[in-house]
Every structure is written in C-alpha cells, then in structure tokens.
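What follows is a short report on a single structure.
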C-alpha cells in the first residue's frame, strides 16, 4: 500500500551514507573535490556528447542497475503524492510533499553543513537526474514528470527554509560542476517563475566564476546558460513543454505540432521525430 509523504519512511537498507557516496562517485567519478568544471569525459557521460546510441544505452543500464532499486523504493506504488493542482500549490506544500527527503537533509546537517549540502546534492541526482536515464518509454516518462520531478521540485523549495540553507553552501561558491545540479528541478518544471529563479541562481554563479577569473568554469556556465535558455523558449511560448504532451496524454495544438518539427526535445523521442540530445 502506498503511503503519503508525511508518514513515509525511507528504507534504511537503501537510503544511507553508502548510497549517497555511491551516487556521487558514480556521477562525478574521480573529480577533484576542488574542481570547478567537469572533465570532457564527464560531459560525454552526462549529456551523451560524441557517444553512440549503444554507449548511451550502456550508461542507462548502469544507472538502472546501480540505482533502480532506490528509485523504485520511492515510486508512486510506495510513496503517494497529493493530486497535482499546480506548481504554486506544490511550492506552498513543499515541506509536506518532500517530507522524507527534507528530514534526510536536516539530519545530515546535524553532523555538518557540508554533510547537509552533499546529501541534498545526492538527492537531487537521485530524484531529478537518474529517473531520466532509467525511464525512457512513455509510461516511465510519465512517472518522471508526474512523480520524481515533483519530489525534486518540492525538495528544492523546502530546502530553502532550512537553517542554514544548504543551497548556499559556501564550498560550492564558483563551482558550477556541483551547484548547477541544484537548479535543474526548476528548469524541468513547466512554471515560468521557477525558470526565472533558475536564471537568478545561474547568474549569481556566473558572477562568482567571473570574479575568480576561472575560464573553465565560465565556459561551463555559458553552456549551462545556453541549455537553460533552450528550455525557457517553450515555457515562454506555450507555458509547457510540448515534447512531453505524448507521454502525459495531453492534446498537442497545431502551433505546438509545427514547433515540434524542428524543436529540441531534450532526448525525448517523438512519434514523428527522434531527438538524441540528452536532457540534463
């Protein structure tokens, strides 16, 4: 039987320090703790740059093998969310929707500020990124958009109320390789105010990189900003991502159909068009 968030208990055989360490080791590999920008190998891994479809499929299989049980353990058959009534409603109820994960970050903060921030980052990777590699078909993508994205989005908003705010962890200052994952739940929302908040967060990090005259970090932020703007275009124009319509059984308008003929669909296959660029 599925349990609502406030009563839900994370499986401690799965959700523990070992999981969070494995998550970051898997995602960042042997990246130096002081690195500000990813290596080219990491960019290939995350975004599928210069990789064949078979190589991308292997990475998806690794995600599924290593973290599928953790993702499944918090799926809708076990953790039931309230009916979606809009992003503003989810923001208002963020502490309730993301309750098990907020508590996880809070407990980590009791050990240290670093532990709290790193636990939050691991949870963002688990909720916002890995489902996009694990679920690729129509049914699975509906889970990504309707369940895991809501958890990540709510966790981000609820985290801002923690003291100290783990999103403002000082060791992440000027380090897009880590901090850029924190605003992706905003970019993955179909909510224009959240996209504007992501822009504010991104602009702040870009300023930090420029102040440090860190050319590698500046290049990463420029690429990140380009991707953010690509996501913003359909939200400004349609108020939603038309490439998700098929997965969510939404009617596509004539204007959206025309748009989808040439649009970036961020790795989501369409009936009439297949796009191979991964959604970050």
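Numbering (my numbering), first residue to last: -19 to 260.
Backbone N, C-alpha and C define an ideal beta-carbon position, used for all residues, glycine too.
Residues sharing a beta bridge with residue i, DSSP
i: residue 59; result: -17
Test item: CB-CB of residue i and residue j under 9 Å
i: residue 4; j: residue 139; result: no
i: residue 134; j: residue 215; result: no
i: residue 272; j: residue 162; result: Residue 272 is absent from the model: the chain starts at -19 and stops at 260.
i: residue 88; j: residue 107; result: no
i: residue 131; j: residue 60; result: no
i: residue 110; j: residue 43; result: yes
i: residue 8; j: residue 157; result: yes
i: residue -5; j: residue 79; result: no
i: residue 126; j: residue 228; result: yes
i: residue 224; j: residue 200; result: no
i: residue 208; j: residue 178; result: yes
i: residue 28; j: residue 36; result: yes
i: residue 174; j: residue 205; result: no
Residue nearest to residue i in terms of C-alpha spacing, selected from the options
i: residue 141; options: 153, 40, 74 and 162; result: 74
i: residue 154; options: 53, 246, 39 and 189; result: 189
i: residue 17; options: 48, 196 and -19; result: 196
i: residue 221; options: 44, 107, 250 and 77; result: 250
i: residue -10; options: 83, 48, 164 and 157; result: 83
i: residue 243; options: 7, 65, 211 and 11; result: 211
i: residue 237; options: 226, 246 and 247; result: 226
i: residue 219; options: 91, 67 and 50; result: 67
i: residue 148; options: 93, 192 and 164; result: 93
i: residue -19; options: 91, 245, 62 and 58; result: 58
i: residue 185; options: 209, 176, 164 and 159; result: 159
i: residue -1; options: 248, 46 and 62; result: 46
i: residue 95; options: 52, 164, 48 and 146; result: 146
i: residue 51; options: 164, 128, 178 and 15; result: 128
i: residue 105; options: 37, 126, 165 and 90; result: 165
i: residue 144; options: -17, 85 and 55; result: 85
i: residue 22; options: 191, 10, 32 and 152; result: 10
i: residue 245; options: 13, 213 and 32; result: 213
i: residue 150; options: 115, 98 and 114; result: 98
i: residue 55; options: -16, 118, 167 and 24; result: -16
i: residue 230; options: 172, 118 and 171; result: 118
i: residue 26; options: 205, 112, -7 and 169; result: 112
i: residue -8; options: 41, 30 and 53; result: 53
Three-state secondary structure (DSSP) of residue i
i: residue -5; result: coil
i: residue 243; result: coil
i: residue 13; result: coil
i: residue 39; result: helix
i: residue -10; result: coil
i: residue 151; result: helix
i: residue 171; result: coil
i: residue 7; result: helix
i: residue 64; result: coil
i: residue 70; result: helix
i: residue 45; result: helix
i: residue 30; result: coil
i: residue 18; result: coil
i: residue 163; result: coil
i: residue 248; result: coil
i: residue 257; result: Confidence at residue 257 is low in this model, with a pLDDT of 42, below 50, so the placement of that residue is unreliable and no value is reported for it.
CB contact below 9 Å: residue i versus chain D
i: residue 189; result: The structure shown contains no chain D; it is built from a single protein chain.
Inside the region 73 to 115 only - alpha helix (DSSP H) runs reaching at least 4 residues | List check, alpha helix (DSSP H) in window: 74 to 77, 79 to 91, 93 to 104 and 110 to 114.
Considering only residues of the region 191 to 232, which uninterrupted alpha helix (DSSP H) runs meet the minimum length of 4 residues and lie entirely inside it, listed in chain order? Here the runs fully enclosed are 195 to 218.
**Message:** So within the region 112 to 148, which uninterrupted alpha helix (DSSP H) runs reach at least 4 residues, ignoring any that extend past its ends?
**Reply:** 118 to 123 and 129 to 139, all fully within the region 112 to 148.
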